Amino acid sequence: MPSFEYDVVVVGAGPSGSMTARYAAMGGCRTLLIEKRQEIGSPVRCGEGLARHFVEDTALPFDRKWVGREVKGAKIFSPDGTELTIEEEHAGNEVGIVLERDAFDKAVAKEAAKAGADIWLKTTATAVLKDDGWVRGVRAKRLEDEITITAKCVVAADGYESQVGRWAGFNTRLKAGDITGTLQYRLTNIGPGHDFPDYCEFWLGTVAPAGYIWVFPKDEITANVGIGVSLDRLKHRHDIKGFLDRWIAKDPRMRRAQPLDMVTGGVSTSPPVSKSVGNGIALVGDAARMIDPITGGGIGNGITAGMILGKVLSTCNEAGDFSLEALQAYEKAWRAKLENNLYRNWLAKNKLVTLTDQEFDDIVKILAEVGVTKLSVRAILQVLKQHKPALVAKFAEFI
Amino acid sequence: MPEAAAVAIRPSVRDNGIMAIDDMLCMHCGACVGTCPTNAIFLNEVYLTFNEDCTQCGMCVKVCPVGAIDYPRGHKLATMR
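Each protein sequence line maps, in turn, to chains A and B.
Residues in the first sequence are numbered from 133 upward in steps of one, following the working numbering.
Residues in the second sequence are numbered from 1280 upward in steps of one, following the working numbering.
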């Protein structure tokens, strides 16, 4: 069996994995980035919304190529059609840029390659090599060959599936209420209305039980139209597709709209994993459940954590120590930056999914009247408490 | 209705007695893999397989956005033709 040796092997060339590889390689690690598909970034599995600041935070060179459209902000629609507009400077985490994800993933991978990382495509990790409480590398299938890659540290950046972590003994299982199934069409020939295509739209209520429908514009007549529904609200095969198709059929703008592509995927809406590092292994991005439980957005958090991990790996490499204790620096740093927000949003999500259509209507109506200057769960709750305390009794502990 | 001259579509449902997968519907997105509580599903870019760890809990059946997974033939909850 052919065998290869690296300092760091990153499984999965999504944004988190590529960002980790980039910073690890920049810090002098011999880094290998493996990707099971034949093309990085394709097929796209994403709604493609991202806030601008993450790009600057991770020092990713800006390139028009991966920007599909820049939007003015977000619009939230309650079940009865009440519209709440939030301009971009207040919109917080998930809107600003609608990406071209395939180009974006390639751009991050390009930075990793420029920093000196090796990239292998069509290479699927099939097992982790364990020895005496340590992870020593991965076994993989590369084209037709079974190979082993030994590494001082394995980075599990394998996305929602999160199998590498599971093989290594991490508990990355999710409860049904913390799983969201998603389906998205890229629709074209969309008609005018609701200021399309200047805003990212979020449609709430029973149109998407315990989730939402999004419309993220890509150009003048094209948008990503998708749905996320919590698994515990699904009963039958095909349910998700039914919800989205029924909503599209009812929206007059979409009457003559036609699909250009179709995207599916799973999204975790759970708190982050309780433990993200072990001896010779670290989890990053979706694999570590870093997705925001309210918005379902994970690119920003993933590249932020990837950057932190890459830097920590560089220090570990200098000291020649990739033990659990040395990797704790990564765990501490990403938790300091992301965990509070993720955990609070998870708690808030668990309350949000209990709201009825009537309650959504009331809340959005009040917010539309008084205006929202800051889109954060806390800020919204405070506004509501001032105007209609009974509505937010469920959320008392967040205010 | 006119008669078809040739039928080129081969059977697309693979049923290994554990679960059934419609390969024509499957988008290889991995939603089922990350959802599976026993890690019984393995996916490469060409096909999806279930192993003996499967408990037929049905989470993958519901989470699959395109309905490509079903219980095996003969199971009382099977709906796939």
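From the three backbone atoms N, C-alpha and C, an ideal C-beta is built for every residue, glycine too.
Note that the structure is predicted; figures quoted are calculated from it, not measured.
query: Going by other Cβ atoms of all chains shown within 10 Å of its Cβ, with 16 needed for buried, is D195/A buried or exposed?; result: exposed
query: Does the beta-carbon of S174/A have 16 or more other beta-carbons within 10 angstroms, so that it is buried, or is it exposed?; result: exposed
query: Quick one: which chain A residues come within Cβ less than 8 Å of T1328/B?; result: Simply none; closest approach about 12 Å.
query: Find the residues of chain A that neighbour T1334/B, judging by a C-beta separation of less than 7 Å, and give them in chain order.; result: By Cβ distance, chain A contributes nothing, its closest Cβ being about 13 Å from T1334/B, past 7 Å.
query: Which chain B residues are close to H370/A, counting only those with a beta carbon under 8 Å from its beta carbon?; result: V1345, G1346
query: Between the beta-carbon of P391/A and the beta-carbon of L319/A, is there less than 8 Å?; result: yes
query: Inspect the CB distances between the region 289-307 of chain A and the region 335-349 of chain A and report whether three or more fall short of 8 Å.; result: no
query: Quick check: the region 1340-1349 of chain B against the region 366-386 of chain A, are there 3 or more CB pairs under 8 Å?; result: yes
query: The alpha helix (DSSP H) that contains V296/A, what's its start and end?; result: 295-299
query: Determine whether the beta carbon atoms of L231/A and V199/A lie at a separation below 8 Å.; result: yes
query: Would you say K284/A and D139/A are within 8 Å of each other, going by their C-beta atoms?; result: yes
query: Quick check: E167/A and T255/A, are their CB atoms within less than 8 Å of each other?; result: yes
query: Any chance you could list the beta strand (DSSP E) runs of at least 3 consecutive residues sitting entirely within the region 1290-1323 of chain B, in chain order?; result: 1292-1294, 1299-1301, 1320-1322
query: Figure out for me which residue from L523/A, K204/A, Q490/A, A468/A has the closest Cα to the Cα of H109/A.; result: In the structure as shown, chain A starts at 133 and stops at 531, and residue 109/A therefore has no counterpart that could be examined.
query: So K1341/B contacts chain A; which residues on that side make the cut at Cβ distance below 8 Å?; result: G313, L363, L366, K367, H368, R369, D371
query: Note down, in chain order, all residues in the region 1307-1318 of chain B with a beta-carbon under 7 Å from any beta-carbon belonging to chain A.; result: C1308, G1309, A1310, V1312, G1313, T1314, P1316, N1318
query: Have a look at R233/A, G358/A, N477/A and flag the residue whose alpha-carbon is nearest the alpha-carbon of D377/A.; result: G358/A
query: F334/A by DSSP, collapsed to three states: which one?; result: strand
query: Less than 8 Å between CB atoms is the rule here; does N1295/B satisfy it with respect to chain A?; result: no
query: Can you check whether the C-beta of K407/A is within less than 8 Å of a C-beta belonging to chain B?; result: no
query: Could you check which residue in D1332/B, C1315/B, C1308/B has the C-alpha nearest to that of E1324/B?; result: C1308/B
query: For the alpha helix (DSSP H) containing A157/A, name the first residue and the last one.; result: 147-158
query: Can you check the region 222-251 of chain A for any alpha helix (DSSP H) of at least 4 residues that lies completely inside it and give the ranges in chain order?; result: 233-247
query: Should E243/A and L192/A be called a contact, given that it needs their Cβ atoms to be closer than 8 Å?; result: yes
query: When you compare the CB of G397/A with every CB in chain B, is at least one pair closer than 8 Å?; result: yes
query: Are the Cβ atoms of I435/A and M151/A separated by less than 8 Å?; result: yes
query: Express the C-alpha separation of R1352/B and T1328/B in angstroms, rounding to a whole number.; result: 16 Å
query: Using the rule of at least 16 other Cβ atoms within 10 Å of the residue's Cβ for burial, across every protein chain shown, is P425/A buried or exposed?; result: buried
query: Among I1320/B, T1358/B, R1293/B, which has the Cα closest to the Cα of V1312/B?; result: I1320/B
query: Pull up the CB-CB distance for N356/A and E180/A, whole angstroms please, since I reckon it's below 8 Å.; result: 6 Å
query: Mapping DSSP to helix, strand and coil, what is L164/A?; result: strand
query: From what residue to what residue does the beta strand (DSSP E) around G360/A run?; result: 355-362
query: On the DSSP letters alone, give me the boundaries of the alpha helix (DSSP H) that A288/A sits inside.; result: Unbroken run through A288/A is the beta strand (DSSP E), 277-288; no alpha helix (DSSP H).
query: Looking at the C-beta of E1324/B, does it have a partner C-beta in chain E at a distance below 8 Å?; result: Looking for chain E here will not work: the only protein chains present are A and B.
query: If we call anything under 8 Å between Cβ atoms a contact, is I1300/B one with A1357/B?; result: no
query: Starting from Y138/A, follow the alpha helix (DSSP H) in both directions and report where the run begins and ends.; result: It is not in any alpha helix (DSSP H) - Y138/A instead sits in the beta strand (DSSP E) that spans 135-143.
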